[in-house]
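Trainee: Questions regarding the structure given below will be posed in turn.
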Amino acid sequence: MIQMHAFYIFLIAAGLLIAAFLYVALSTRNAREINMQSAYGLRKLLFFVVLAVLVLGIGMTLGKTPYPKANELPGKVVFVVGKQFSFALSDTPITNDQDYEARTYGIPVQVPAGSLTEFRVMSFDVNHSFAVYSPDDHLLAQTQAMPGYVNRLRVRFDQPGRYYVLCLELCGMGHHRMRGVFDVN
Amino acid sequence: MTAAAADSGLWSEAELAKFRRMTLIWGITVLLLLPILALLGYFMRLYQSGAFSGMRAEWFYAVLTLHSLGMVGTWFVGSMAGVSYLLLKYTRPNLAVSKFVYVGTLLGVVLLIACTLGGLFGTGWYFLYPLPLFAQGVWAPWATFTFFAALTILGVCWTIWTLDLLRAVAQRYSLGAALGWNYLVGKPGPELPPLVLITTVSLIVSLSGFVAAVIVIALFAARALGVNVDPLLMKNLTFFFGHDLVNITMYLGIAMVYELLPSYAGRPWRTNRTVAIAWGAVLFLVMFAFFHHLYMDFAQPTWIQKLGQICSYLLAMPAGVVSIFGTLALVFAARMKWTLSSTFFFLGILGWGIGGIAAVIDSTVEVNFHFHNTLWVPAHFHTYYLMGVVLIILGFIDHAGKELSGLEEKPALSKLTTALLLIGGYGFLFMFYWGGVNSVPRRYAIYPQEVIQGTLYARIAVGFITLLLLGILLYLWETGRRCLKALA
Amino acid sequence: MHKTGPQSRHRLPFRWSFRAACVAFFAFSVFIFVRVAFAQDSFGQPSQEPPNEERFVYKLTPDVPITTSSGVQNLSAIWHEKPVLLTMIFSRCARVCSPFLRSLNSAVSDAGGLGTDYRIVVLSFDPKDTLADMQRLASELGLNADPDWTFGVASPSDIRSLAAATGFWFQWDSSTQQFDHASLVVAIDRGQLVRMLAGPSVPAASLREVVQELRGKFVASYALAGKVAFRCFEYDPTSGRYSLDWGLALMLLPGTCAILATAWVFFLLPASRKKRNLI
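Protein chains in written order, with the numbering used here: chain G, 196 to 380; chain D, 16 to 503; chain S, -13 to 265.
Right under this line is the structure:
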């Protein structure tokens, strides 16, 4: 899971930094003059190491963005509207408050497993965040729901089950109870 | 430090005494705000742990708004006051401006308290358009108006302060000299203290941030008059302002470390070509890195998203290779005077580094897809704030307090304070990181069933915050005493 | 210890500069007011919303054999090379078919991309139409020599399955001896329907949007109700193009102001010009 990988990288890098600070702090017990040329040499090495790590990181990750790609086509479209304080999901466009009310309380949209689904997400009022949680409660995917824009989020669901949607952008007093739902089968 | 300012020939003793007094007033104000705002944070984690289940959630969001804006503002003014004081050695900031800004800041704080605790205004600190105008009956229009009035007063005052400090730098240094350009081309010139270099860079960036804030407030007014504004434009401007404000607060804190840590290490820390290049790079990169706040706005052009990631990553270079390495090289095997102040400076740089690592990780688009608006976000910014710039500013206030009161510290008490802050602080932070890894959203008053583990993490965090608060109280007792004695 | 500089350093140093700042702020406020007061009503939906596009979008198109001047080939032989704009008419049409095809041709010329981003397939749903009838129709429209326009016929059962999958409908009206039918062009990318344009004519702006989508991009913004004063880029549905708007200037303003303010402080303030004697 990508969250755990990121966490391990964080722990390793933070651990190295803490170790360096601890080492330096303990070194003050034996005070002595340091060779500035060696220090500059070490800094130069650090520069290249950090640069290499960053360039590697950029190279490995910059191509893997969640934005819609031209070379892939979804098999299904789901229309989503966020509004204080619920998400409405539908197979057909939600164009007004009546559609929104009907779809907020309607039967959950059915999404086929294994195929790429495109969520077209917008908002009728303020910024929300359409965040899809898997049946085992991991954050799978998200995009912002904004008035005036349609964000297209494409996700492939391999695991059948009931998926809940939470709002991850503070949108008012009901922010924590804002939900949506759909089924994958 | 004050002896150095006195020896500079820039000040009379009477003027210097007045400036010291003003700095102490700023310091004491920061020390008064710290426990109040920290307790508000404590309340939030307690609420999330279920301790106040009978209380309406609106209180959580109002407290969230006050705590977050309050902390951002407090540490900004703490940084500015600290840097103003340290600049006395090199140039002449204007005392009248400092006093004016102090009064304006107090007024802004009062208005913020009124609209949040009085009016239940609860948009969070970045008041994302158009949420302030969609109260759903929770806060009244007067609260929205008061909120924007507070922001306007604070923005105007802080812009004037920024301009005055820049003017003070300009009195003694040309623009090229202040940005260290002579070091870049290898020309000999007047020695440029790193404090002046970093302050100049930070002040230029903060000016751009304040202009963005003015535009945001003006466009809110346009919306109130019935004209729509593009929400994506507002989001870009809002995060440009917020990102700048938070980052330059930290940079000013780093500037204080560059200035003060050398005296504890018994070694100099001078500007050289590398330092000048690093901070020049920061001036450029920090203007574009803010795009990392908008990765989940898929409507933003993809090339801008990628530019955000590249600039965010590259910002790690000057921070890591120059400032953090510089700190380590300065202290390594030095005849180090470990006091509370120097310890806080040293640990503050470490905290800044750890928070920065978490920030760079989250600034990867692919990772942000899973971390955006989860607890990973407050995890990283609390790390480089609470365990970073806050420690540095507390270290500065302690340093100034000792210098001006003449009262020495008690080593055992200092060690205990440091231990409590470290254990309490990093324990509290770890629960945020772990929450982010486990998909717990940020800014939730109550955790629903899907993320119910958030309640347990909040309970554990409460335990650590208790230790942290004890550490803060011990610090306040010791340092507060010294500052009050120096003021008397 | 000595005092440096005249008494005036104790006053706020911005006296004339403060006035300049006030003028600048007033000018900015006037700009915002004028822009807001004269804000245009925003455009409506960028394209004519087809009635049932959402029922068909991303659905698979049946890969039926068609007969063209190149012989018999499956539709996939064409859409595997390039996305396809597919429409259905009949050659005896006395009403909308020819004007519809002319407007499609005109829109294609305006929107561009024919041959590079897509090709066009025109099929007849009339069982009595032959390939010769379709070629004659193409000749009348001046399109028979264009390699990116393909005119053809298919079996009635294949036409029916194609129509059902893509939203076309047609019905014989014996009173007029004509077919009643939909005027429709659908965009098919790798066998999946991605867009549908319905109506007696094809606006160039709508086709431009469809071509964008075939290139993998789409118009992400839509019009908010009422006036909109600032965007970074404004989408104009009549031309189908984006143009820069004042919002972009607002994004550039903070950095520009910071540079100007810095220059003002360092170069224009009187106190700054007396500096450097002290260094």
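From the three backbone atoms N, C-alpha and C, an ideal C-beta is built for every residue, glycine too.
Taking its Cβ as the centre, do 16 or more other Cβ atoms sit within 10 Å of H200 (chain G), making it buried, or is it exposed?
Mentor: For the purposes of this step, residue 200 (chain G) is identified with residue 5 of the first sequence, where counting begins at 1. Label assigned to H200 (chain G): exposed.
Trainee: How do the segment 392 to 411 of chain D and the segment 465 to 475 of chain D stand: do at least 3 beta-carbon pairs fall below 8 angstroms, yes or no?
Mentor: no
Trainee: List, in chain order, every chain S residue whose beta-carbon is nearer than 9 angstroms to that of G369 (chain G).
Mentor: Residue 369 (chain G) sits at position 174 when you count from the first residue of the first sequence. Near G369 (chain G) there are no residues of chain S at all, since even the closest Cβ is about 23 angstroms away, more than 9 angstroms.
Trainee: What residues in its chain sit with their C-beta under 8 angstroms from that of A460 (chain D), if we drop five residues either side in the sequence?
Mentor: Reading the second sequence from its first residue, position 445 is the one you call residue 460 (chain D). Within the same chain, A460 (chain D) has close Cβ partners Y62, Q63, A72, F75 and Y76.
Trainee: Between the beta-carbon of E279 (chain D) and the beta-carbon of M351 (chain D), is there less than 8 angstroms?
Mentor: Translated into the one-based positions of the second sequence, residue 279 (chain D) becomes position 264. Translated into the one-based positions of the second sequence, residue 351 (chain D) becomes position 336. Note that residue 279 (chain D) corresponds to Tyr in the displayed sequence, not to Glu. Result yes, Cβ atoms of Y279 (chain D) and M351 (chain D) sit closer than 8 angstroms.
Trainee: Taking C-beta to C-beta, are L386 (chain G) and G368 (chain D) nearer than 8 angstroms?
Mentor: No information on residue 386 (chain G) is available, as it lies outside the stretch 196 to 380 that chain G covers here.
Trainee: Can you give me the C-alpha to C-alpha distance between V184 (chain D) and P208 (chain D), rounded to a whole angstrom?
Mentor: Numbered from its first residue, the second sequence carries residue 184 (chain D) at position 169. Numbered from its first residue, the second sequence carries residue 208 (chain D) at position 193. Distance between the alpha carbons of V184 (chain D) and P208 (chain D): 11 angstroms.
Trainee: Helix, strand or coil for S27 (chain D)? Go by DSSP, reduced to three states.
Mentor: If you number the second sequence from 1, residue 27 (chain D) lands on position 12. Three-state DSSP puts S27 (chain D) in coil, outside helix and strand.
Trainee: To which residues does DSSP link Y359 (chain G) through a beta bridge?
Mentor: For the purposes of this step, residue 359 (chain G) is taken as residue 164 along the first sequence, with counting starting at 1. Y359 (chain G) is bridged to G:Y328 and G:V376.
Trainee: Mind checking whether L267 (chain D) and S217 (chain D) have CB atoms under 8 angstroms apart?
Mentor: The residue labelled residue 267 (chain D) in the question sits at position 252 within the second sequence. The residue labelled residue 217 (chain D) in the question sits at position 202 within the second sequence. Yes, these two residues count as a Cβ contact at 8 angstroms.
Trainee: Of all the options D:D22, D:A150 and D:T80, which has the alpha carbon lying nearest to the alpha carbon of R458 (chain D)?
Mentor: What you label residue 458 (chain D) is simply residue 443 of the second sequence in a count that begins at 1. Per the Cα distances, D:T80.
Trainee: Quick one: grab the DSSP three-state call for I232 (chain D).
Mentor: For the purposes of this step, residue 232 (chain D) is taken as residue 217 along the second sequence, with counting starting at 1. Note: I232 (chain D) maps to helix in three-state DSSP.
Trainee: Give me the subset of the segment 242 to 253 of chain D whose CB atoms are less than 8 angstroms from a CB atom of chain S, sorted by chain position.
Mentor: V242, N243, V244, D245, L247, L248, N251 and L252
Trainee: Identify which residue in D:Y310, D:W492, D:F305 and D:A233 has its Cα closest to the Cα of T260 (chain G).
Mentor: Taking the first residue of the first sequence as position 1, residue 260 (chain G) is located at position 65. The option with the nearest alpha carbon to T260 (chain G) is D:Y310.
Trainee: Would you mind stating whether Y328 (chain D) and V375 (chain D) have Cβ atoms separated by less than 8 angstroms?
Mentor: Looking up residue 328 (chain D) in the second sequence gives position 313. Looking up residue 375 (chain D) in the second sequence gives position 360. Cβ atoms of Y328 (chain D) and V375 (chain D): closer than 8 angstroms.
Trainee: T102 (chain S): buried (16+ other C-beta within 10 angstroms of its C-beta) or exposed?
Mentor: Indexing the third sequence from 1 puts residue 102 (chain S) at position 116. It is exposed - the Cβ of T102 (chain S) has fewer than 16 other Cβ atoms within 10 Å.
Trainee: Just confirm the distance between the C-beta atoms of A237 (chain D) and S207 (chain S), as a whole number of angstroms; I'd bet it's less than 8 angstroms.
Mentor: Along the second sequence, one-based indexing puts residue 237 (chain D) at 222. Along the third sequence, one-based indexing puts residue 207 (chain S) at 221. Wrong, their Cβ atoms sit about 19 angstroms apart, outside the cutoff.
Trainee: Can a CB atom of chain D be found closer than 8 angstroms to the CB of E296 (chain G)?
Mentor: As a first step, residue 296 (chain G) must be located in the first sequence, where it is residue number 101. The beta carbon of E296 (chain G) does not come within 8 angstroms of any beta carbon belonging to chain D, so the residue lies off that interface.
Trainee: Can you find a CB in chain D that lies within less than 8 angstroms of the CB of L46 (chain S)?
Mentor: As a working mapping, residue 46 (chain S) is identified with position 60 in the third sequence. For L46 (chain S), no CB of chain D lies under 8 angstroms from its own CB, so it is not counted at the interface with that chain.
Trainee: Mind pulling the chain D residues with CB within less than 7 angstroms of R217 (chain S)?
Mentor: Here residue 217 (chain S) is taken as the residue at index 231 of the third sequence, counted from 1. Under the 7 angstroms cutoff, chain D gives D245 and L248.
Trainee: What residues from chain S crowd round K271 (chain G), counting only those whose CB sits closer than 8 angstroms?
Mentor: In the first sequence, counting from the first residue as 1, residue 271 (chain G) sits at position 76. Here the neighbours are Y44.
Trainee: The beta strand (DSSP E) that contains T54 (chain S), what's its start and end?
Mentor: If you number the third sequence from 1, residue 54 (chain S) lands on position 68. Unbroken beta strand (DSSP E) run through T54 (chain S): P51 to T54.
Trainee: Just verifying my parser: in three-state terms, what is the DSSP assignment at R181 (chain S)?
Mentor: To locate residue 181 (chain S), count along the third sequence from 1; it is residue 195. Three-state DSSP puts R181 (chain S) in a strand.
Trainee: At what residues does the alpha helix (DSSP H) containing A72 (chain D) begin and finish?
Mentor: For the purposes of this step, residue 72 (chain D) is taken as residue 57 along the second sequence, with counting starting at 1. Annotation: the continuous alpha helix (DSSP H) that includes A72 (chain D) extends over A72 to L102.
Trainee: What residues of chain G sit near D132 (chain S), judged by a beta carbon separation below 9 angstroms?
Mentor: Position 146 of the third sequence holds residue 132 (chain S). Chain G residues near D132 (chain S): none, gap ~26 angstroms exceeds 9 angstroms.
Trainee: What are the residues of the segment 329 to 348 of chain G that lie near chain S, defined by any Cβ-Cβ distance shorter than 8 angstroms?
Mentor: P342, G343, Y344, V345, N346 and R347
Trainee: With 16 other CB atoms within 10 Å as the buried threshold, where does P156 (chain D) fall?
Mentor: The sequence position of residue 156 (chain D) within the second sequence is 141, counting from 1. Burial call: exposed.
Trainee: Taking the CB atoms as reference points, tell me whether V376 (chain G) and R349 (chain G) lie closer together than 8 angstroms.
Mentor: To locate residue 376 (chain G), count along the first sequence from 1; it is residue 181. To locate residue 349 (chain G), count along the first sequence from 1; it is residue 154. No.
Trainee: Helix, strand or coil: which one does DSSP assign to S169 (chain S)?
Mentor: The residue labelled residue 169 (chain S) in the question sits at position 183 within the third sequence. Of the three classes helix, strand and coil, the one that applies to S169 (chain S) here is coil, per DSSP.
Trainee: List the residues of chain S that T287 (chain G) touches, going by C-beta distances under 7 angstroms, in chain order.
Mentor: Sequence index remark: in the first sequence, residue 287 (chain G) carries index 92 (1-based). Within chain S, the residues near T287 (chain G) are E40.
Trainee: Taking 8 angstroms as the cut-off, decide whether the C-beta atoms of F360 (chain D) and L437 (chain D) are in contact.
Mentor: As a working note, residue 360 (chain D) is residue 345 in the second sequence. As a working note, residue 437 (chain D) is residue 422 in the second sequence. No.
Trainee: Residues in its own chain within less than 7 angstroms of P37 (chain S) by CB, not counting five upstream and five downstream?
Mentor: Residue 37 (chain S) sits at position 51 when you count from the first residue of the third sequence. Model confidence at P37 (chain S) stands at a pLDDT of 48, short of 50, so the residue's coordinates are unreliable; what they give is reported in the following sentence. Taken in chain order, the residues that qualify are A184.
Trainee: Could you tell me whether the Cβ of A226 (chain G) comes closer than 8 angstroms to any Cβ of chain A?
Mentor: Of the protein chains in the structure, G, D and S, none is chain A.
Trainee: Below 7 angstroms between beta carbons is the criterion; list the residues of the segment 240 to 262 of chain G that meet it against any residue of chain D, in chain order.
Mentor: L241, F242, V245, L246, L249, G252, I253, T256, L257, K259, T260, P261 and Y262
Trainee: So I232 (chain D) and L166 (chain D) are in contact, right, with Cβ under 8 angstroms, and what is the actual spacing, rounded?
Mentor: By 1-based counting over the second sequence, the position of residue 232 (chain D) is 217. By 1-based counting over the second sequence, the position of residue 166 (chain D) is 151. Yes, they are in contact, since the Cβ atoms of I232 (chain D) and L166 (chain D) sit about 6 angstroms apart, within 8 angstroms.
Trainee: Under 8 angstroms, do P147 (chain D) and T131 (chain D) count as touching if we go by C-beta distance?
Mentor: As a working mapping, residue 147 (chain D) is identified with position 132 in the second sequence. As a working mapping, residue 131 (chain D) is identified with position 116 in the second sequence. It is not a contact, given that the beta carbons lie outside the stated cut-off.
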